[in-house]
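Accompanying notes for the structure given below.
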Amino acid sequence: QDDAHLFCTPEQVEKEFKDTLGLVKFVLEAVGLEGYRVQLSSRDPESDKYVGSNELWENAENTLRKVLTEEGMPYVECPGEAAFYGPKADFMVKDCLGREWQLGTVQLDYNLPERFELEYIGADNKAHRPVMIHRAPFGSMERFCGVLIEHFAGAFPLWLAPEQIRVLPLSEKTDEYATEVADKLRLAGFRVATDLQSARVQAKIREAQLDLIPYMLVVGPKEAEQNA
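The following block contains the structure:
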């Protein structure tokens, strides 16, 4: 898990939390997981599994609500889903079957710095207690990759597809040229395969469609003659 911890002053909490939310949004949207929702996981006041005072918890939860609202991020609050040390904003993503998974998370923690007696020296030359932000933009890497695969149901975008391009020669006469085209594309950085089966091009196209290949390049005698 890509877990990291940020330490900041109480005055820096809102900005740092906003910046960290922006990082998680960037990660999800960059890979095409844009249909996420945010879950504000708060504590269950009836449970005794949480550490810290009511005042610290209320401060942390109100800060999360304020930041999410200011960032224009609709959220659903889920009491009882917080970590034992603080509330969190969880990013929930659906796969192709409509199942929901938690990926990125940002957690606000006033309590562990208190328990570990962490301190910093402020501008007033006095010791102060920092605030900790736990952040994991991807969450579990295995889960992230699994959800990404399920989300696209095998029809991967070009950047993610194991095979980006398949070159389809019209006949055996253009096999050599098709191989040359594939070699040039590989040199340009693409992931390419060549279908050299002795089958009709319609069958090759159908097979490539079933394999969910993003691009198919059909080459025949005219393309070979023109080096196109």
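The C-terminal residue of the sequence shown carries number 228 in the numbering used here, and the numbering is unbroken.
Glycine is no exception: its CB is placed at the ideal position from the N, C-alpha and C atoms.
It should be emphasised that the depicted structure is a prediction, and the values quoted were computed from it without experimental measurement.
Within the stretch 162-204, the runs of beta strand (DSSP E) that reach at least 3 residues and sit entirely inside it are, in chain order, 165-169 and 192-194. Only residues of its own chain outside the window of five on either side were considered, and among them Val167, Leu217 and Val219 have a CB closer than 7 Å to the CB of Val181, listed in chain order. In the assembly as shown, Val76 is an exposed residue. Its beta-carbon has fewer than 16 other beta-carbons within 10 Å.
Secondary structure note for Gln102: its beta strand (DSSP E) is the uninterrupted segment Glu100 to Asp109. By the C-beta criterion, the stretch 130-147 is judged to be in contact with the stretch 100-107, since at least 3 inter-stretch pairs fall below 8 Å. In the assembly as shown, Gly52 is a buried residue. Its beta-carbon has 16 or more other beta-carbons within 10 Å.
With 16 or more other CB atoms across the displayed protein chains lying within 10 angstroms of its CB, Asn111 is buried. Rounded to whole angstroms, the gap between the alpha carbons of Ser171 and His151 is 37 Å.
Residue environment for Phe84: exposed (fewer than 16 other C-beta atoms within 10 angstroms of its C-beta). Within the stretch 65-137, the runs of beta strand (DSSP E) at least 3 residues long that lie entirely inside it are, in chain order, 75-79, 88-94, 100-109 and 131-136.
Beta-bridge annotation (DSSP): Tyr215 is paired with Ile165. Counting along the chain, the unbroken alpha helix (DSSP H) around Arg143 starts and ends at Met141 to Phe152.
In the same chain as Asp3, and ignoring 5 residues on each side of it, the C-beta atoms closer than 6 Å to its own belong to Ala136, in chain order.
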